[in-house]
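Taking it in order: structure first as structure tokens, then the write-up.
Number of protein chains: 2
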Amino acid sequence: MSSPPPLQSAKATNHPLHEQIRASIERKILTGALKPGDRIPFEHELMESFDCSRMTVSKALAGLVSKGLVVRRRRAGSFVAHPPSASTLLDVPDIQADIQGRGLDYAYQLLSRRLRAPLASRREECELAKGGQLLDLTCLHVAGGTPFAYESRLISLETVPDARMADFSVSPPGTWLLDHVPWSQAQHRISAAASDARLSKLLDVSIGAPCLVLERTTWHGNRPVTQVRQTFPGERHAFLGAFSHT
Amino acid sequence: MSSPPPLQSAKATNHPLHEQIRASIERKILTGALKPGDRIPFEHELMESFDCSRMTVSKALAGLVSKGLVVRRRRAGSFVAHPPSASTLLDVPDIQADIQGRGLDYAYQLLSRRLRAPLASRREECELAKGGQLLDLTCLHVAGGTPFAYESRLISLETVPDARMADFSVSPPGTWLLDHVPWSQAQHRISAAASDARLSKLLDVSIGAPCLVLERTTWHGNRPVTQVRQTFPGERHAFLGAFSHT
DNA sequence: GAGTGGTCTAGACCACTTG
DNA sequence: AAGTGGTCTAGACCACTCA
């Protein structure tokens, strides 16, 4: 005889089981324990681990898919997704991919590279450094021969020690970071500013010309990764986004 | 005797059933057949309508919840969600709510109001009008005594005939539209421009000062609703957004 | 107190990919 | 060919909430 319905034994917390499973996997992804491309245990393995039915596991994974953290392929399994490299207003844009996506030649120029401590007077630099050092970079992105954006970036070597050895004279730091930091959250700020003398020379615009300024801080899990300020000639560039109330 | 497993009778399309159900309800919401606050049939009603199990109906509704189109309340039922009025970079922002949310006084001034046909030379105006007339408005938003944004807006009277009678001398058209058009999609464009003489006077900035320009076209279902261009003093304003790869 | 949605199960068949 | 995820069922208990 079959025992009566299992009675949902040991519902330790008040969170539903599928959320616990989702959170458990999500944590592993966000902390980097599971990196992009890594395989996630099969459904039947998770069924055993969490002692639940397949539908429950499936619901948990479906949540991760809808967040874009996981991709699932029949017969192959489930894997941690690669961060999208496409550029929209919402994503962390990769300027190189963006320019090449428009069919333009991309060129890049490293203007300066400096290893330094955070300025004690700048609170956000200290938070970024987290006690370590900062890599301070400035560079120029060029699209089809025309200056596209000036970029000033700080990278926290405490969070991304590998950046110290990376060769940013060839490929831009943004692209490198997208490839080497598994997942991120970002805080954006878009404003407008007038071009000063130095910027005007770099971007080939007149002094005082309106520019779009994008400032972004990026985290990996709860560790700060990088802080970047990109300046675009305002009449040559725009941010696009198609949104539904979704 | 019970018949053998129902064999998924009549799988007309190759879309899964839960997606068909979701699409069916989503369509009703996007076309306005179901308006915000309207009740969605109970799960057991949908089970009968679509002749399927409750889990399948539940999956369909869960999809709509995750899109923010539907809210569900125990014992009460499922309802079409009200569009969010909060303002982020992704949403359709309501300037009035935005300013008041910062604890500043909000003032509003209607500068002009004109009923007119679309200019045949401007393709986007003709698409917006869809054969009807346009309401052409310009106005100024003021926050705490300081000019905040200049707005130039076109409303398609073909899609929103009620706008003809609305009193935009009191409340701004953006707020009115958010309250009267049930759901929308939007296309945004953010750029920077220099302030001209007229704008400088209105916004109280110097001529040539950098300004943030937000252009947005909004649709209700597949009908164009409105097209707006808002200009912000660039050093006084910024667009913020916190994003995760979600 | 009754009915809603929230969650879960233990099966099943199917479609797809390649382990 | 085998094994994965995708979908679906016909039940069940529960928590919540509102008439």
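Residue numbers (the numbering used here), protein chains in the order written: chain A, 1 to 246; chain B, 1 to 246. Where is the CB? At the ideal position from N, CA and C, for every residue including glycine.
Coil, strand or helix - residue i by DSSP
i: residue 71/A; result: strand
i: residue 207/B; result: coil
i: residue 22/B; result: helix
i: residue 235/A; result: coil
i: residue 280/B; result: Outside the displayed range of chain B (1 to 246) lies residue 280/B, so it cannot be described from this structure.
i: residue 32/B; result: coil
i: residue 259/A; result: Residue 259/A falls outside the range modelled here, since chain A spans only 1 to 246, and no answer is possible.
i: residue 143/A; result: strand
i: residue 216/A; result: strand
i: residue 27/A; result: helix
i: residue 240/A; result: strand
i: residue 117/A; result: coil
i: residue 66/A; result: helix
i: residue 58/B; result: helix
i: residue 15/A; result: coil
i: residue 52/A; result: coil
i: residue 122/B; result: coil
CB contact below 9 Å: residue i versus chain A
i: residue 154/B; result: no
i: residue 235/B; result: yes
i: residue 22/B; result: no
i: residue 230/B; result: no
i: residue 226/B; result: no
i: residue 149/B; result: no
i: residue 191/B; result: yes
i: residue 238/B; result: yes
i: residue 211/B; result: yes
i: residue 163/B; result: no
i: residue 66/B; result: yes
i: residue 47/B; result: no
i: residue 194/B; result: yes
Identity of the residues DSSP links to residue i by a beta bridge
i: residue 94/B; result: Paired residues: none, contrary to the question.
i: residue 112/B; result: 138/B
i: residue 76/A; result: DSSP output for residue 76/A lists no bridge partner at all.
i: residue 226/A; result: 155/A, 218/A
i: residue 39/B; result: 79/B
CB-CB length for residue i against residue j, believed under 8 Å
i: residue 138/B; j: residue 111/B; result: 4 Å
i: residue 128/A; j: residue 188/B; result: In fact, because the Cβ distance is near 29 Å, the residues do not count as touching under 8 Å.
i: residue 197/A; j: residue 207/A; result: 6 Å
i: residue 186/A; j: residue 142/A; result: Not quite, the Cβ-Cβ distance comes to about 24 Å (not below 8 Å), so this is no contact.
i: residue 157/B; j: residue 164/B; result: 6 Å
i: residue 223/A; j: residue 159/A; result: 4 Å
i: residue 193/A; j: residue 170/A; result: That belief does not hold up - the Cβ atoms of residue 193/A and residue 170/A are roughly 30 Å apart, past 8 Å.
i: residue 173/B; j: residue 220/B; result: That pair is no contact at about 15 Å.
i: residue 63/A; j: residue 104/A; result: Not really, about 38 Å apart at Cβ, beyond 8 Å.
i: residue 59/B; j: residue 18/B; result: 4 Å
Within-9 Å CB hit, residue i to chain B
i: residue 187/A; result: yes
i: residue 97/A; result: no
i: residue 144/A; result: no
i: residue 173/A; result: no
i: residue 89/A; result: Low per-residue confidence applies at residue 89/A: pLDDT is 43, beneath 50, and the placement is therefore not dependable enough to give any value.
i: residue 208/A; result: yes
Contiguous beta strand (DSSP E) assignments of at least 3 residues, all confined to the stretch 155–200 of chain B: The qualifying runs are 185–194.
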